[in-house]
Amino acid sequence: MKGAGLTMRGVFAHVCAAVLLTTAQADQPAIPRIGVLAAPLPYEQGLRDGLATLGYVEGKSIVIDWRRSGGAVDELRSLVTDLANSKPGLVVAFGTPAALVALEVATMPIVFLSSDPVASGLVTNLARPGGNATGVSATGVELTGKRLQLLLEFAPRARRIGCLVNTSNPIGALQLEQARKAARSFNVELVKFDAHNDAQVDDAVRMILRSALDGLIVTGDNLMFANSVKVARAIRKTGLPAIYPTRETQGDNGLVSYGPSLKEAGRMSAIYIDKILRGAKPGDLPIEQVSKLELVIDLRVARAQGIKVPEELLYRADEVIR
């Protein structure tokens, strides 16, 4: 009986310990899990940096379900649907096409990055977007004309300018419209090279290599970003002056870029994620724009291509690579 009493006491202690452990675990807040649809771009590093600054440690205080896209619109729906079905606390969609699909498919909060959220139909009001989505606006559409103007400063005698664009992206179509408007004002011919997937990017690059052009504009789009190294290398071989939408897409083979920082856009997205995880409603959070624009000139490319860079542009540049 004495032995039995000790056994019963042991069982009782074990049960009490298990109850206390279960209660303690129940009291601990669940680790938030978010889903991120990202192209292979600097957005991802910016987002990681932003979350780290806010005190999040991936795998410990936040779980991130990454779904990487090459930027082609035809693959986005399955990726976004799969991501939404896993039921994360919120979805992050980098790029207008991904954001549009997320709005159709996902019911949870959405944080997006778009060049023009209003014109593309993501929201109707920047100050109070409403619904289940908010995010960052990375200036792009209205910069297209300015990029053509800058390109003509590198090639003042240019009369035939190519435009590499993805019109399956609503933002791409808007950029093309702006490029055409600017081309008319500068009295130059604009030649469209339209690509909706990786294979079409390859075709467009081959057409560019065979075309008689005086310069090229590469528009801002996740598909172009995903293929940026290939595109920039091919264009450099032509000797054509070309302008890119961001420093990140310019890489080491591009002559000049003008636009917002993609890393900064990623860091700004982290702020929205934090606010929503703390209980804020997406529709009440105003959409903010990446305010800093960077002009980056690579003199190594200019020298290799025999392009003379105006001194005024060198003084205006935020970065000159020598």
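Counting from 1 along the sequence shown, just add 168 to a position and that's the residue number in our numbering. All C-beta atoms, glycine included, are put in the ideal place defined by N, C-alpha and C.
Close Cβ partners of residue i (< 7 Å) along its chain, the five nearest in sequence each way excluded
i, result
"Leu430", "Leu209, Pro210, Tyr211, Gly214, Thr414, Glu416"
"Leu271", "Ile278, Leu290, Ala301"
"Ala485", "Leu463, Val464, Ile465"
"Leu247", "Leu205, Arg235, Ser237"
"Thr191", "Unreliable positioning characterises Thr191 in this predicted model, as indicated by a pLDDT of 47, which lies under 50. The coordinate reading is nonetheless provided below. If we look at Thr191 and ignore the five residues flanking it on each side, it has no Cβ neighbours."
"Leu222", "Ala438, Asp442"
"Met375", "Phe361"
"Arg401", "Asn421"
"Leu244", "Ser237, Pro265, Ala266, Val269"
Nearest-angstrom Cβ-Cβ length linking residue i and residue j, presumed shorter than 8 Å
i, j, result
"Val279", "Gly303", "5 Å"
"Pro450", "Ile444", "6 Å"
"Phe361", "Gly330", "6 Å"
"Thr307", "Gln343", "Going by Cβ atoms, the distance from Thr307 to Gln343 rounds to 12 Å, so no, they are not a contact pair."
"Ser305", "Ile455", "5 Å"
"Phe322", "Leu453", "The pair is not a contact, with the Cβ atoms about 40 Å apart (cut-off 8 Å)."
"Gly257", "Arg348", "With a Cβ gap of about 42 Å, Gly257 and Arg348 do not count as contacting."
"Ser521", "Val260", "This structure gives no information on residue 521, because the portion of the chain shown stretches from 169 to 490."
"Gly227", "Arg435", "At roughly 20 Å, the Cβ-Cβ gap does not stay under 8 Å, so Gly227 and Arg435 are not in contact."
"Leu318", "Ala326", "The pair is not a contact, with the Cβ atoms about 12 Å apart (cut-off 8 Å)."
"Ser379", "Val359", "7 Å"
"Gly340", "Asp371", "That belief does not hold up - the Cβ atoms of Gly340 and Asp371 are roughly 16 Å apart, past 8 Å."
Environment of residue i [buried if 16+ CB atoms lie within 10 Å]
i, result
"Asn334", "buried"
"Arg296", "exposed"
"Leu377", "exposed"
"Asp420", "exposed"
"Asn293", "exposed"
"Arg315", "buried"
"Pro409", "buried"
"Tyr224", "buried"
"Ile199", "exposed"
"Ser237", "buried"
"Pro324", "exposed"
"Ala194", "Low per-residue confidence applies at Ala194: pLDDT is 46, beneath 50, and the placement is therefore not dependable enough to give any value."
"Arg352", "exposed"
"Arg468", "exposed"
"Gly447", "exposed"
"Asn395", "buried"
"Gly298", "exposed"
"Gly427", "buried"
"Ala220", "exposed"
"Tyr509", "In the structure displayed, the chain extends from 169 to 490; residue 509 sits before or after that span and is not available."
"Gly407", "exposed"
"Ala367", "exposed"
"Leu482", "exposed"
Proximal residues to residue i (C-beta, below 8 Å), its chain only, five neighbours per side dropped
i, result
"Pro338", "Thr264, Pro265, Leu268, Ala287, Ser288, Gly289"
"Val399", "Leu332, Val369, Val373, Val386, Met392"
"Glu432", "Gly214, Val458, Lys460"
"Lys255", "Met276"
"Lys170", "Because the pLDDT at Lys170 is just 47, under 50, the model does not fix this residue reliably, and the point stays unresolved."
6 Å Cβ shell around residue i - same chain, five flanking residues per side excluded
i, result
"Leu189", "Model confidence at Leu189 stands at a pLDDT of 46, short of 50, so the residue's coordinates are unreliable; what they give is reported in the following sentence. Taken in chain order, the list of residues that qualify is empty."
"Trp234", "Val204"
"Glu487", "Val464"
"Ala472", "none"
"Arg328", "Glu357, Leu381, Asp382"
"Thr249", "Val273"
"Val231", "Ile199, Arg201"
"Pro478", "Glu321"
The ligand COA heavy atom lying under 8 Å from the CB of residue i
i, result
"Val356", "Within the structure as shown, the ligand COA is missing, as the structure has no ligands at all."
Range covered by the alpha helix (DSSP H) that runs through residue i
i, result
"Ala438", "430 to 445"
"Glu272", "264 to 273"
"Asp217", "211 to 221"
"Arg490", "Element bounds for Arg490: n/a, residue is neither H nor E."
"Leu423", "Segment: none, Leu423 is in no alpha helix (DSSP H) and carries neither H nor E."
Extent of the continuous beta strand (DSSP E) to which residue i belongs
i, result
"Gly203", "201 to 206"
"Ala301", "301 to 305"
"Ala410", "410 to 412"
"Glu226", "Where Glu226 is concerned, there is no enclosing beta strand (DSSP E), given that its DSSP letter is neither H nor E."
"Arg235", "231 to 236"
Whole beta strand (DSSP E) elements within the region 336 to 396, 3-residue minimum
357 to 362, 383 to 386
With a floor of 4 residues, list each alpha helix (DSSP H) that falls wholly inside the region 279 to 332, ordered by position along the chain.
312 to 322
Runs of 3 residues minimum, wholly inside the region 443 to 469: which ones carry the beta strand (DSSP E) assignment?
461 to 466
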